[in-house]
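2 protein chains.
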Amino acid sequence: MIHPSETGEFYELTSPTALPKASGFLWNDTMMIHMNCRGYAVAQFMQPEPAKYSHAPNLEMKTFMQPEQPYYAHHPGRFLYVKDEETGEIISAPYEPVRREPDRYLFRAGKASIEWKIESLGLHIELSLRLPRAEPLELWRMSVRTLSGTKRKLSLYPYFTVGYMSWMNQSGEYREDLQAMVATSVTPYQKVQDYPKINGLKDKTFLLAETKPDAWEASQDRFEGEGGLWSPSSLKEDQLAGGDARYETPVCALQYRVELNPGEEKEFRFLFGPARTEEQIRAMREAYFGARSADGRTGFERAEEEYAAYIAEGIGCLDIQTPDPGLDNFVNHWLPRQMDYHGKTNRLTTDPQTRNYLQDNMGMSYIEPSIARAAFRTALRQQKASGEMPDGIILHPDAELKYINQVPHSDHCVWVPICLSTYLDETGDTSILMDEIPFADSAESVTVLEHINRAMQWLMRTRDERGLNYIDQGDWCDPMNMVGYKGIGVSGWLTMASAYAFRVWADICEEAGHAVVAAEFRQQADETNETVNRYLWDGDWYARGITDDQVVFGVKEDKEGRIFINPQSWALLCGAADEEKQQRLIRSVEEQLETPYGVEKLAPSYTAMREDVGRVTQKHPGTAENGAVYNHAAAFYIYALYQVGEKESAYRLLRKMIPGPNEEDILRRGQLPIFIPNYYRGAYRQFPHTAGRSSHLFNTGTVPWVYRCLIDGLFGVQGTPQGLAIRPQLPAEWNEASLTRRFRSAELRIAIKRQPGVSTAEVYVDGVLVEDGLLTDLKEGHTYEVLVKLPLK
Amino acid sequence: MIHPSETGEFYELTSPTALPKASGFLWNDTMMIHMNCRGYAVAQFMQPEPAKYSHAPNLEMKTFMQPEQPYYAHHPGRFLYVKDEETGEIISAPYEPVRREPDRYLFRAGKASIEWKIESLGLHIELSLRLPRAEPLELWRMSVRTLSGTKRKLSLYPYFTVGYMSWMNQSGEYREDLQAMVATSVTPYQKVQDYPKINGLKDKTFLLAETKPDAWEASQDRFEGEGGLWSPSSLKEDQLAGGDARYETPVCALQYRVELNPGEEKEFRFLFGPARTEEQIRAMREAYFGARSADGRTGFERAEEEYAAYIAEGIGCLDIQTPDPGLDNFVNHWLPRQMDYHGKTNRLTTDPQTRNYLQDNMGMSYIEPSIARAAFRTALRQQKASGEMPDGIILHPDAELKYINQVPHSDHCVWVPICLSTYLDETGDTSILMDEIPFADSAESVTVLEHINRAMQWLMRTRDERGLNYIDQGDWCDPMNMVGYKGIGVSGWLTMASAYAFRVWADICEEAGHAVVAAEFRQQADETNETVNRYLWDGDWYARGITDDQVVFGVKEDKEGRIFINPQSWALLCGAADEEKQQRLIRSVEEQLETPYGVEKLAPSYTAMREDVGRVTQKHPGTAENGAVYNHAAAFYIYALYQVGEKESAYRLLRKMIPGPNEEDILRRGQLPIFIPNYYRGAYRQFPHTAGRSSHLFNTGTVPWVYRCLIDGLFGVQGTPQGLAIRPQLPAEWNEASLTRRFRSAELRIAIKRQPGVSTAEVYVDGVLVEDGLLTDLKEGHTYEVLVKLPLK
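The listed protein sequences derive, respectively, from chains G and R.
Heads up, the first sequence is in this note's numbering, so the first residue is 1 and it goes up one at a time.
Heads up, the second sequence is in this note's numbering, so the first residue is 1 and it goes up one at a time.
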C-alpha cells in the first residue's frame, strides 16, 4: 500500500483513506505548496511576507506554520469533479470532496511533482502538479481516459478553492479575454501608513485554462447550492450558471463537456496562482500557452522541465547502499531535498530565527556551500558590536521581527561556530574567517574571526556568579519562558552549549593559527564543564536549569519534566560527562525518554501549568516542546552518541526518525517517509494511544544534523582541514555498506566491509593503505575507489 | 412563509432554504449569540475582550464583527442528529448539516428565545435556546415526539461545535462526574508579559447534560469518519465510540437511545458555554439542574424566566398602531430591543468608537436614562482638556484602543451635544450640565457644560483658513482615510456637523440660562453655514470635501462618488441650505441615491482606487461605506427631512429600512424584519443583481436615530424643557394612528385622526384643547388621553 517507486523518485500510496494526512510538498524560489493525498492544499508565497491565494472559508489568522494541520470540508483544495452525463453519477478526484472510494487509487508524492492516477466510473484519471522554478504558480495537468469499450459523455469540472479573500472587497468572474477565472480582492487595512504595503500585493487569484471551458461558476455558494461540496447542486444542472461573485466567496470552477471514444484520452492544463494585475495574467497565458518553441513545446512543458532540473540541483554529497533500503531511499532522495528546501526558502519567513537560519544554511554546506557562506555573512552583519546575536535574521528590507522573535532568547551566539564548523569541514574555506563585516549597531568592520570571538565573549559575560548562563525568556526550542525572565534563572543546556561552542571555536582558531585564543577558549570550556558538573549533575543525569527562585528542575524529584534530552546530549558533546556519567545518562535516556518513535524531549510530559517553568508546561502533552519526540533535539542526541562512539544506540535512534521500516509503523505515524517532521507525538508512557503521530510539519532544523550524523558519524566521511577522515561507525548488524561521497570536487566510491582478520578499521584508497584513514591531497574532478575493512562484529 | 407570530413576540419562517441567512439573536450582560435558522451560530462573550467558545475549524483571526457572515460546512453550529434505529435513516435538526428537507419546518426568532419546530421522519422535534441574564451560557431544550401511531426506536445525537481551540493545547473528553463533555485549551501566547492575561481566561468549552447520555464522542474527526458532517460514519455504528480528543479538534457529541410510544415526547436539556475551571462547571450543574425550589422548578427554568424579564426591561417609550402593520410590529417589538442591545452590550467591545458609544447610549434615553447619563459622564472623563474627544471610549481597565480606533478621526466632538440633547429632551434632567468631571489628561474637574464648550471650541480651532474642518484620516463612517492625512484636506460634512452641533448646543445653553454663550455658538453656526455655502455648494447638492491637493470631491464632475448623502442630510439639519437649496438637494438625492431599499451612502459606488480619497474606494462597490444603503446615514437623512417638514419622503424612506412590507422584499433582503442591519447592498444602478441584500450585521448606530425619527418626526411626541410637544407628521396616506407614549413617568394615550374641518393640528388633552400642542405639568404616574386632530390630506 505504501512504497517507493522503482527509481525512488516518488513515494506511492494506494489508498485515499489509510493515511488521510499523507502528503507531498513542492517549493520554488517564491512559494511552497503542501499537497494532501486527498486533494487539500496549503500554499504560501512570499511578497515579501508569506501570503495565500487559496484561502480558508473564513478570515484566517496569519501565523507561523502550524503542526498537525487540521483539514475540514471547506479546507482549500484542488479537485476535479467528473460527471457521467448518461448516468448522472458524480465523483471527485483525487478523493475529496465527494469521497467516493475509487476502484484504483495511486498517490505519488514526487521530488519534482505530485501526481495521482485514479480509476473510477470506468475512467482512468490523472492529475499532476508541478511548479515553475521562480514564479508563485501551480502548473496542473488533468486528464481522463476511458477504460470501458464504449463511448462516454462526461462533464469535467476543475474546482480550485479561492475562499474568503477579504472583508474589504472580493469578487470573482470569468474573463473571456484571459480565458481565466479571476478573483479580485483588496487586502484589508485601516491605517493610512499601511496603504503602500497593501498596494503592491498580488491580491488576485486566477485559474487560467489552456482550453476554453464550456461553462464556469465564480460563486462558491451557487456552485454548491443545497447539495453542498460533496454533491454540488450546480453539477446536477446541464451547465454551470456562469455567475459572478460580488462580495461573496469566490471559487474557480470550470466545466468541460467531453465525449471520449473507447480508449481515448483528453488532457487539460491549467495555471493557478496569485497576480497583481490582469496584465500579469495575460503575460502568463503568453508565457506558458503561447507560441511553441522550435521543438514544439510550450512554455508549460519547458517550465516543468526546468523545475525538475531546479529540484535536481538539490542533491547532497552522499549516495548510500546499505542493508537498510528504507534508510537508503530516504538519504538518497528525500533528506538532501528537505535540506535544500530549508536552505532555498528559509521556511518562507522574512525573519527566520537566528538559530534556524544558521542551521538551515549549515545544511547548504553539503549542497551549495556558497549559499551557506553568504548566509553566515548575512547573520554576522546583524550581530551587535557587543557580540550579541539577534533573535531573528532580517532577510528583506521591509521585514520585522515577528512572533517568537519578539521574545528575548539567550542561545543564538552558540550556533555561530557550531554551524560554521560544518562549512569549514566541507569546504576547507578558511578565507571566510578573514572576511571583514560590520555590526548592526556599528559601522566598524571586523573579521569573522573577531565577530565570533565577541559572540563567545558575550556568552562568557551573560552568566551568573556561579558561571551558569542566564536563560532570559528562553533558549533553544523556546519553551521555558518563565524560568529566568526576572534575570536570575539559568539554563543548564545553554551553559553546556556554550562550553561546546568554545571547544568547537577553539579548534577552528587553532587550525587558523590563533593558538593563544584557542587555548583561552579551551580553558573556558574546561571551566564551564566543571561548573556544569558542580551544579547540574543529578546523580543519573543532568538537570535542565535553575529558576529565578533557585529551584533546580529536570531532576529526580520532579513528577513531570523529570529529565530533558538536551542537557544529556550536550553534556556528551561538550565533554562535561566523564565515562561513568556518560553511561549513567545514556541508561537514563533509554529508560525514560526512548520510545518506539525516538527519544522524547522531556518526560513525563507536563500535564499542568508549572509557573516557574512556563510556556512549555502549557503546550499539549506529547506535542511540540512538551514531551514530543522532537526530532531536532533527538538528532543532537544521536550526533552526540556518535561523538562518544555509542554507535549501536545512535543507529537505533537514527532509524526511528524515518517512518518505517514497515507499513505498520508508517500508518502509526500517519506520514509518508519523504520528510522528517519537526516532531512525532511523544508522552508515550502517558498517552500511548496518540504517541508516534507525525506533526506533518517539515520545517525543522533536524535535517542538517541527520546529515551530519551520517557524514561525521555513521559513515564517518567527515571533512577536515587536511582532507577527508574515514572513520565509519556501522552498526553491528551491518556487514557492509557502500557509498559515493562527493567532497571538494572529488568523488570517492567507498565500500565498507567487515572482514575476518581485521582488528581495527583499515582504509585503502585505490588499493593503497592509508594509515590514519585521513585522505589528503584529493584532486578536483578525480574519482577514488576506497575500501574500508572493518573487524567482524 | 414569513410572518410575525400572533403576539408579535416572534418572527416566523417556514422554510429552511428560502432565506438561508435568516437569523435571530440573543444577548445578556456578558455575551451575544447570533443564531442562523439552519443551525449555525456566532457567539461571543466578554472576558473582558470578546472571545469564543465554539470555534471555526481553523485558527480564525480575531477581528471586529464582519458583515455578510459567510457560512460553510464546518461553521460553528448547534445541531441535533436523529437516527431511526429501525430504518437507519438520519436527519439533523434544524436543517444543517444533513440538509434533508423536513416535512414541516418552523423557525421562530423570538425576543427572549430562538426556537424551531420541525416534523421529519414522522417525528415532531423542538429545539429552543435561551440565555441566563448574566452568565455566558446557552440554555438548550431539545425534544422529540412521535407523530406516527407506532412505537419508535431512535438515537438522538446533540452535536455542538467546539472547533479548533488552540495550537498550544487542546483536548476534549467526557467527564462522568460532571455529566458533561469538557474541551480544554490554552489560549496561545508567546510573550511572558501576556501570560497573566491568558491565565484568567475561560479556555474550556463544555456541554453539560441534565440527562446522562448513553454514549459520547469528543473527537471531531472520529465523529465524522469518512462520511463527513453530512453523514457521519460514527452514527452508522450502534454506539458512539467514546473517544477522547488529544490535540485534535474536539467536538461535544452525545448519544441518547430513546424508545417512544405513540404520541410520547421526551425532552433533554443542556448547558453549553465557556468555563475556566471544572469547579465552575460543577457549580453550574448545581445551579441549573440541582435541587428544585418549592414550586418544583429547577434553576434552568428560573433562569429562562429571569431572562424573559431581563429582555422585557428593554421596552421603549412608544407603542404604536398605524395603518402599517409591518411598522407597528417592528417599532413595538424589535426596534427598542435592538436599541437595548446596543446600550447594554456596547457591541461587545471594550473600546467602542466614541461616536458609536454616544449614540448607542443616546438610545438608552428612551429605555433607561440612567444608563445614558452614566455613559455621557464616562465619555467626558476621557476627553482631553483641549476639548478633543478620543477615538474610542475605554470601558475596562485592561482595554486599549484597537482596529479603527488607532486611526485619528476628527468628528468625535460633534456627537456630544447632539446625543446629550436627546437625553435632555427625554428627561429634562439639566442637572447633568452642572456635574463636575475631570479630563483624561488633567485632574481639573469642570462642569459638563464646560466640557462641551471645550469640545465645541476644539471644532472651531481645527479648521483651515477658510473655516472648513480638517478631516485628518477620517470622520464619521471612517471611509476616507486619504483626503486629509497630510493635514490640509477638509470635510464638508464635518463642517456642517459642527454647525449643527453649535446650534444644538446653543439651544441647550440658552435653556440652561447661558444666553451669552448661546449667542456666541449660534453666531458660529451662522458663520459656518456661510462658509459651507461659499465653498461646498455644487449647484444641485453639496460636495463631500476638499482633498489635501485642493480637489473638491462629491461633485458633478466626478464619475464615481459624485454625490454623498451625509452632506445633504446635514445641510438640512444645520440650516446651511435655504429653501431653494433644500429642494434641489432633495431632488438630487431622489434621482441619484434613492433605491427600493433606501438611500445610498454615495453614488456611483467607486469601482477603482481613487488615491486622493482613499480607503472607501477600496471597499467593495455597494457594501459598507462604498455606496451601500448605509442605514445609519440614511436615518440622518430621514431625520433631517422631518426637521424641514418633508414628511412624505421621510416616511417613504423610513419604511425602506425595515424588510417588507411584502415577502418578496424580505426575500430580496434575505433577512427577517427583526433588526435593521448596518447596511443593505447598494450600487443599485451599477449592480442591480445584488442590491438590497442585508449585511446581517445588527451593530449599527441607526436604531436610536430611527427612534428619534418616530419621536421627534413621524409621531411628533418630542420632549422639551417645558414638557411634551405634540406635532405629528403623518404621511398623507394615513388617516389615523394611535400610540402610547411613556414620558417622564407619565403615560399618554394619543389618538391622531384626520378630520374634516380641521385646518391645522389641534391637540386635546383629556378633552381640553392645548393651544400650541405643548403639554406641560404632566404628573408622574398619570395617564392622559390625547386627541390630535389633523386636516384631511
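In this text, a Cβ means the ideal position worked out from N, Cα and C, and glycines have one as well.
- Assigned with DSSP and collapsed to three states, Phe-300 (chain G) falls in helix.
- For Tyr-637 (chain G), the enclosing alpha helix (DSSP H) begins and ends at 631-643.
- Residues of the stretch 69-92 of chain R with a C-beta less than 7 Å from any C-beta of chain G: Pro-70, Tyr-72, Ala-73, His-74, listed in chain order.
- Within chain G, the residues Gln-190 have their CB atoms less than 8 Å from the CB of Tyr-403 (chain R), given in chain order.
- In the structure shown, Met-65 (chain G) falls within a coil segment according to DSSP collapsed to helix, strand and coil.
- Residue state for Val-186 (chain R) is assigned as coil, using DSSP reduced to three classes.
- Residues of the stretch 296-329 of chain G with a Cβ closer than 9 Å to any Cβ of chain R: none.
- Nothing from the stretch 268-293 of chain G brings a Cβ to less than 9 Å from some Cβ of chain R.
- DSSP, reduced to helix, strand and coil, places Pro-16 (chain R) outside both helices and strands of the structure shown, so it counts as coil.
- The C-beta of His-689 (chain R) comes closer than 9 Å to at least one C-beta of chain G.
- Identification of residues in the stretch 199-230 of chain R having a C-beta nearer than 7 Å to some C-beta of chain G yields Glu-226, Gly-228, Leu-229, Trp-230, given in sequence order.
- Shown here for Gln-47 (chain G): same chain residues with a beta carbon closer than 7 Å to its own, the five before and five after excluded, namely Leu-201, Lys-202 in chain order.
- For Cys-509 (chain R), no beta strand (DSSP E) segment is defined; the enclosing uninterrupted segment is the alpha helix (DSSP H) at 492-511.
- Following the DSSP letters along the chain, one finds Leu-654 (chain R) in no beta strand (DSSP E) but inside the alpha helix (DSSP H) bounded by residues 647-655.
- Not a single CB atom of chain G sits nearer than 9 Å to the CB of Arg-152 (chain R).
- In this structure, G:Ala-51 is the residue among G:Met-339, G:Ile-118, G:Ala-51 with its C-alpha nearest to the C-alpha of Val-186 (chain G).
- A direct Cα-Cα distance of roughly 16 Å separates Thr-87 (chain G) from Gly-149 (chain G).
- With contacts defined by Cβ atoms closer than 9 Å, Asn-481 (chain R) and Tyr-679 (chain G) do not form a contacting pair.
- Contact with chain G is absent for Met-456 (chain R), since none of that chain's Cβ atoms lies less than 9 Å from the residue's Cβ.
- A contact is defined here as three or more CB-CB pairs under 8 Å, and the stretch 410-422 of chain R meets this definition with respect to the stretch 360-368 of chain R.
- The Cβ atoms of Phe-206 (chain R) and Tyr-159 (chain R) do not sit closer than 9 Å to each other.
- By the criterion of a C-beta distance shorter than 8 Å, Thr-531 (chain R) is surrounded in its chain by Arg-466, Gly-467, Leu-468, Thr-495, once the five residues flanking it on both sides are discounted.
- Arg-104 (chain R) is classed as exposed because its beta carbon has fewer than 16 other beta carbons within 10 Å across all chains shown.
- Neighbourhood of Ser-491 (chain R) in chain G, by CB distance below 8 Å: empty, with the nearest CB roughly 15 Å away.
- Per the C-alpha coordinates, the member of R:Asp-429, R:Leu-208, R:Ile-437, R:Arg-133 positioned closest to Tyr-310 (chain R) is R:Arg-133.
- The alpha carbon of Ser-695 (chain R) has as its nearest neighbour, out of G:Ala-608, G:Glu-248, G:Ala-275, the alpha carbon of G:Glu-248.
- Residue burial annotation: Gly-660 (chain R) is buried, with at least 16 other C-beta atoms found within 10 angstroms of its C-beta.
- Across the structure, Thr-447 (chain R) and Glu-436 (chain R) are spaced so that their CA atoms are roughly 4 Å apart.
- Its Cα nearest to that of Glu-115 (chain G), the residue G:Cys-37 stands out among G:Asp-351, G:Cys-37, G:Trp-734, G:Trp-705.
- Straight-line measurement puts the Cα of Arg-285 (chain R) at about 15 Å from the Cα of Ser-293 (chain R).
- Against chain R, the CB of Glu-60 (chain G) has a partner CB under 9 Å away; the residue lies at that interface.
- In the structure shown, the three-state DSSP call for Lys-197 (chain G) is helix.
- For Ile-750 (chain R), the enclosing beta strand (DSSP E) covers residues 746-755.
- Going by beta carbons, Trp-476 (chain R) and His-409 (chain R) fall inside the 9 Å limit.
- At a cut-off of 9 Å between beta carbons, Trp-167 (chain R) contacts chain G.
- Taking the CA atoms as reference points, Ala-109 (chain G) sits about 7 Å from Ser-23 (chain G).
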